[in-house]
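Quick notes on the structure that follows.
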Amino acid sequence: MTAFEELFTILQLSENLVHDWSSLAEMEQIPLNDSMITFGMKLAIVSMFGSDLCSDEAIKGIRHNFLLASNELERKLVGISYEESERVKTFEDVLTWALYFLSTYSDVQENVYTEINTVIGTSDVDLTSAKDLKYLHKVINETIRCPVIIPWTVRYQDNDSELG
Numbered sequence: 018m019t020a021f022e023e024l025f026t027i028l029q030l031s032e033n034l035v036h037d038w039s040s041l042a043e044m045e046q047i048p049l050n051d052s053m054i055t056f057g058m059k060l061a062i063v064s065m066f067g068s069d070l071c072s073d074e075a076i077k078g079i080r081h082n083f084l085l086a087s088n089e090l091e092r093k094l095v096g097i098s099y100e101e102s103e104r105v106k107t108f109e110d111v112l113t114w115a116l117y118f119l120s121t122y123s124d125v126q127e128n129v130y131t132e133i134n135t136v137i138g139t140s141d142v143d144l145t146s147a148k149d150l151k152y153l154h155k156v157i158n159e160t161i162r163c164p165v166i167i168p169w170t171v172r173y174q175d176n177d178s179e180l181g
């Protein structure tokens, strides 16, 4: 495969990704992690074998198996249990979503920044000052509530409520 053909293939794969993301509803969350890992694996297969040999579903299967093996190797190398690694993964997901939401909603980001400067200033964070960060606590709760961080966790409300 020539360099031009490879660039053209990369362009086609990129356009397909943009098309997939553009077809999502306006407020629907982009599955960025899944999409980019799948995209990277597809690019690698195209670069190695010269053509788009795998469907999206086959790539997702390869990605799933790769991540399972990678996570198992990481746990063995680091020496942490499965439960600990899942807690770390959940924390990483919450942190990623929090950064995404803060970058998306600049007014919320500004309010969090102002509260941290007001409550903590230049002093060290301790348990007492952390408890006083009420707005940040609300942002974290909303971050946990809004995206699907743990796929098998279902959130529902038992009672009707009225705002206002």
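Count along the sequence shown from 1, then add 17; that gives the number in the working numbering. Ideal Cβ placement from N, Cα and C applies to all residues, glycine included. Quick caveat, the model's predicted, so the values are computed rather than measured.
| request: Please say whether Val125 and Val156 have beta carbons closer to each other than 8 Å? | output: yes
| message | What ranges does the alpha helix (DSSP H) occupy inside the segment 40-68, keeping only unbroken runs of at least 4 residues that lie completely in it? | response | Counting only runs of 4 or more, we get 49-66.
| field | Distance CB(Ser52)-CB(Leu34) smaller than 8 Å | value | yes
| query | Where Arg162 and His36 are concerned, what is the direct C-alpha to C-alpha distance, given to the nearest angstrom? | reply | 28 Å
| message | Quick check on the burial criterion: 16 or more other C-beta atoms within 10 angstroms. Buried or exposed for Lys59? | response | buried
| query | Under the rule that 16 or more other beta-carbon atoms within 10 Å means buried, what is Trp38, buried or exposed? | reply | exposed
| Just checking my contact of Leu119 with Val105 at CB under 8 Å: how many whole Å lie between their CB atoms? | In fact, because the Cβ distance is near 21 Å, the residues do not count as touching under 8 Å.
| message | If you follow the alpha helix (DSSP H) that Val129 is in, where does it begin and where does it stop? | response | 123-136
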